[in-house]
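Heads up: the sequence shown runs through residues 108 to 444, numbered per this note's numbering. Glycine included, every Cβ here is placed at the ideal spot set by N, Cα and C. Have a look at the structure below before the remarks.
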Amino acid sequence: MKILIIRMMGLGDVASILVPAATLYRKKYPNAHICVLTYEAGGEIMELHPGVDQVMSITKGQWPEDLLPATREFMRIGQLISAEQFDLIANLDTWFMPCFLARALRDVGFTVEGNYINRPVEDVLRKAADGVLSQSFFEKPAQYMESSFRNMYQWTVPWWQKFPGMGYPAFYLQKCCGFDGSIDISLPCTPDPELVAEAEGRPIIALSMRGRALYKNYGYAESLVNQLTIHGVHCWSQFDGSVPIRATLNKLCASSLLITVPTSSQWLARLAGCPSLVLPGPMSPSLLDAEFYPPEQTDCQYCYQESECPERRNYECMEISPAAIAKQALGILKSTL
108 MKILIIRMMG
118 LGDVASILVP
128 AATLYRKKYP
138 NAHICVLTYE
148 AGGEIMELHP
158 GVDQVMSITK
168 GQWPEDLLPA
178 TREFMRIGQL
188 ISAEQFDLIA
198 NLDTWFMPCF
208 LARALRDVGF
218 TVEGNYINRP
228 VEDVLRKAAD
238 GVLSQSFFEK
248 PAQYMESSFR
258 NMYQWTVPWW
268 QKFPGMGYPA
278 FYLQKCCGFD
288 GSIDISLPCT
298 PDPELVAEAE
308 GRPIIALSMR
318 GRALYKNYGY
328 AESLVNQLTI
338 HGVHCWSQFD
348 GSVPIRATLN
358 KLCASSLLIT
368 VPTSSQWLAR
378 LAGCPSLVLP
388 GPMSPSLLDA
398 EFYPPEQTDC
408 QYCYQESECP
418 ERRNYECMEI
428 SPAAIAKQAL
438 GILKSTL
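This is the structure in C-alpha cells:
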C-alpha cells in the first residue's frame, strides 16, 4: 500500500502537525510505503522522520502567488503524483492550493481523505478565468473547503473557546481529523557536541526572539542574554535558516530550555525534547501548547489578534522585563536539571 500525506505550511506547522500525523499513519498502516508532500525546508524535517519512506517538497518557485499560474503548476504536480499510483492520498492541509490539488486527484479517481475544495476543478478554473469567483472564495477556507473528516468544521470557528485547555496540534489532529492515539511531536536527535563543549558544564539556553509579525519581536533580547550570562548560563541563538535543520535540532537537544516568541522555534524545540518558555503576546499559552510562559502582562492579553493590536497599545503584552524572564528561566532550570 502506498500513502501520500499532504501538509505544505511553514516549519512550525510541519513540526507540530505533519510529524505527528506521519507517526499516526505509520501506526495505522505499519507495512505501508508512506510519502509526504510538503513545502521548502519542511522537507528537511520530514527527511529525519523514521516512519517516512519518501519526501516530496514543493519549492517557492513552484507556488506562484497569482491563482491561474499556481493552478497550472499544481496540475503539473498532480500529474507527477498520479504517476506514483498512490492507494490513499490524505490532505491535512487547509490552504486553497493543497485543497485544489487534492480535489484534482480525487476527480481523476484517486482515493482521497481529508480536505479538498468543494467543487470540481474544471468548474473552479472556468469561473476563475471568467472572473466570476470572489476573492474571498480563495481566501476563506469556510467558503472553499470540504472534508471527509466530519468534525473539520470545528477548525473554521473560534475552537479555543470550546477547547480552552487544548493545544493546536492535539485539537487539529484529534478533534478535527479524528485520529486516535497520543500526539508524538518528536524526532531522533543527539546533543550537539560542539555546543556542549562551548558551554563548559554550564546550563544551555536557546533564544528565539524575532518573528515576522510585529507581536513576535521581543525588544530586549540583548539585555536578557546579559542577565542569563551573569547567572552562569550559556546562551545561543541561530534560528535564521542559515544552518541545516538537523544541526538546529541537535543544538536544541543539547539545550535545557528555549526562550521564544510564538514562532516555529518552539516546535523545533519540541521535536528535540527541549522545553520552551514562550512569550505568547496576544496568543493563548494553552493554544500554543506552551510548557512554560510568563504571567499575564495586560488586562487585554490573549485577544488572538495577530495583525494589529485592537487596543492600540503597541502589543504591551510583549513588554516583559528581561530580569523577570531571566528569573523565571533560572527557576525552570533549577526545577528541571
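- Apart from the 5 residues on each side of it in sequence, Gln-242 has no Cβ closer than 7 Å to any other Cβ in its chain.
- Counted as a single uninterrupted DSSP element, the stretch harbouring Ala-249 is not any beta strand (DSSP E) but the alpha helix (DSSP H) occupying residues 248–251.
- DSSP places Phe-286 outside both helix and strand once states are collapsed to three, so it counts as coil.
- Between the C-alpha atoms of Leu-118 and Pro-351 there is a straight-line separation of about 13 Å.
- Cβ contact annotation for Ala-197 (same chain, cutoff 6 Å, sequence separation greater than five): Ile-112, Glu-220, Gly-221, in chain order.
- Inclusion of Leu-280 and Ile-290 in the CB contact set at 8 Å is warranted, their separation being smaller than that value.
- Residue ranges of uninterrupted alpha helix (DSSP H) with 4 or more members, entirely inside the segment 252–338 and ordered along the chain, are 266–269, 300–306, 328–337.
- Nearest C-alpha to Ser-315 among Thr-367, Tyr-260, Cys-342, Leu-359: Thr-367.
- CA-CA distance, Gln-345 to Thr-355, rounds to 8 Å.
- Judged by beta-carbon spacing, Phe-203 lies within the 8 Å limit of Phe-245, meaning their Cβ atoms are closer than that value.
- Contact between the segment 222–237 and the segment 142–154 is absent, with fewer than three C-beta pairs closer than 8 Å.
- With contacts defined as CB atoms closer than 8 Å, Asp-200 and Met-259 fail to qualify as a contacting pair.
- Assigned with DSSP and collapsed to three states, Glu-418 falls in coil, not helix or strand.
- In the DSSP secondary-structure assignment, Ser-383 is bridged to Leu-365.
- For Leu-386 against Tyr-325, the beta-carbon gap comes to about 6 Å, under 8 Å, which counts as contact.
- Pairing Leu-331 with Ile-439 gives a Cβ-Cβ distance that is not under 8 Å.
- The three-state secondary structure of Tyr-411, taken from DSSP, is coil.
- For Asn-421, the closest alpha carbon among the candidates Gln-404, Lys-434, Leu-437, Leu-294 is that of Gln-404.
- DSSP places Phe-245 in the helix class (H, G or I) of the three-state scheme.
- For Tyr-132, the three-state secondary structure derived from DSSP is helix.
- Between Cys-284 and Ala-379, the C-beta gap is not smaller than 8 Å, which leaves the two residues out of contact.
- Contact annotation: the segment 391–404 touches the segment 413–428, with at least three C-beta pairs closer than 8 Å.
- Cβ-Cβ distances below 8 Å link Glu-191 to Lys-109, Leu-111, Cys-142 in the same chain, with the five nearest sequence neighbours on each side left out; the list follows chain order.
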